[in-house]
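Residue numbering for the sequence shown follows full-length UniProt numbering, starting at 1 and increasing by one per position.
Glycine included, C-beta positions come from ideal geometry on N, C-alpha and C.
Input: a single structure, listed below in structure tokens.
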Amino acid sequence: MTQPQEKTNKVDEGLRLFVERYKYELLASMALMSLLSGIVCAVFIFRHKASEVKFSDGSSGQVQEERSTILVEMSGAVVNPGTKELSQGARLNDAIDAAGGLTTDANDAWVNEYLNMVKLLEDGEKYYIPTLQESTDSEEDHAKSGKININTATVEELKTLPGIGDAYAQRIIDGRPYTSVDQLINVSGIGPKRLEQLRDQVGVY
1 MTQPQEKTNK VDEGLRLFVE RYKYELLASM ALMSLLSGIV CAVFIFRHKA
51 SEVKFSDGSS GQVQEERSTI LVEMSGAVVN PGTKELSQGA RLNDAIDAAG
101 GLTTDANDAW VNEYLNMVKL LEDGEKYYIP TLQESTDSEE DHAKSGKINI
151 NTATVEELKT LPGIGDAYAQ RIIDGRPYTS VDQLINVSGI GPKRLEQLRD
201 QVGVY
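Shown next, in the form of structure tokens:
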């Protein structure tokens, strides 16, 4: 056997004896290193997740804040007409109060008959309150023109309109009150084309 081989064999034997003698200590050290590595990884992942949750909560809170108010336009016979910012869940009477209430020449009878004061408002809605004079002029004009009042017409009267049968007539009645003929577009089945066919034959007064 050559001298280099003898040295190699001695080194290998020494390593074997070292490992055999301290195998438990070596295993314990390896286990400790694995544990420490796991802890470091866990801390990193936890911090990463926490930052994501914090960002997510901030975003949802912002969206929630943005959706907590609505904008409604009040016009006509109110003290302070214009766009009003109200809390989500506000009702029509809240919008009228925000506009300073009705003016002295407002048509109270029309308001009481056609408007639901506890109606839940939706963002982007517009309400027009007519004056007594406007209502009188409008009634006279519509009476002369022969237009059908979609706020008071019966099913039979509505059925005289083009393309309106029992089902559509009932839907129109269920959608009352109306403050504008344009609101017929909200009735299921009435699209822009049919609305234009009805526009010259109906009115709101």
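Span of the alpha helix (DSSP H) around L158: Residues V155 to L158.
When the Cα atoms are used, what is the spatial distance from L158 to V202? So the alpha carbons of these two residues sit roughly 9 Å apart.
Give me the Cα-Cα distance between Q88 and T69, rounded to the nearest whole angstrom. About 5 Å.
Opposing strand residues paired with G163 [DSSP bridges]: The partner list for G163 (beta bridge, DSSP) is empty, contrary to what the question assumes.
How long is the line joining the alpha carbons of Q64 and G165, rounded to whole angstroms? Residue confidence for Q64 is low, a pLDDT of 47 falling below 50, so the modelled location carries little weight; the figure read from the coordinates is stated next. Pairing Q64 with G165, the inter-Cα distance amounts to about 43 Å.
Of all the options F46, A106, E73 and L198, which has the alpha carbon lying nearest to the alpha carbon of I129? Residue A106 is the option with its Cα nearest to I129.
Between the Cα of A95 and those of S75, L27, R194 and L161, spot the shortest distance and give me the residue it belongs to. Checked all of S75, L27, R194 and L161; the closest Cα to A95 is S75.
Range covered by the alpha helix (DSSP H) that runs through K193: Unbroken alpha helix (DSSP H) run through K193: P192 to R199.
Find out if the Cβ-Cβ distance for the pair I185, P177 is shorter than 8 Å. The beta carbons of I185 and P177 sit no closer together than 8 Å.
With a threshold of 7 Å (Cβ to nearest heavy atom), would G175 be considered close to the ligand GDP? This structure lacks the ligand GDP, and indeed carries no ligand of any kind.
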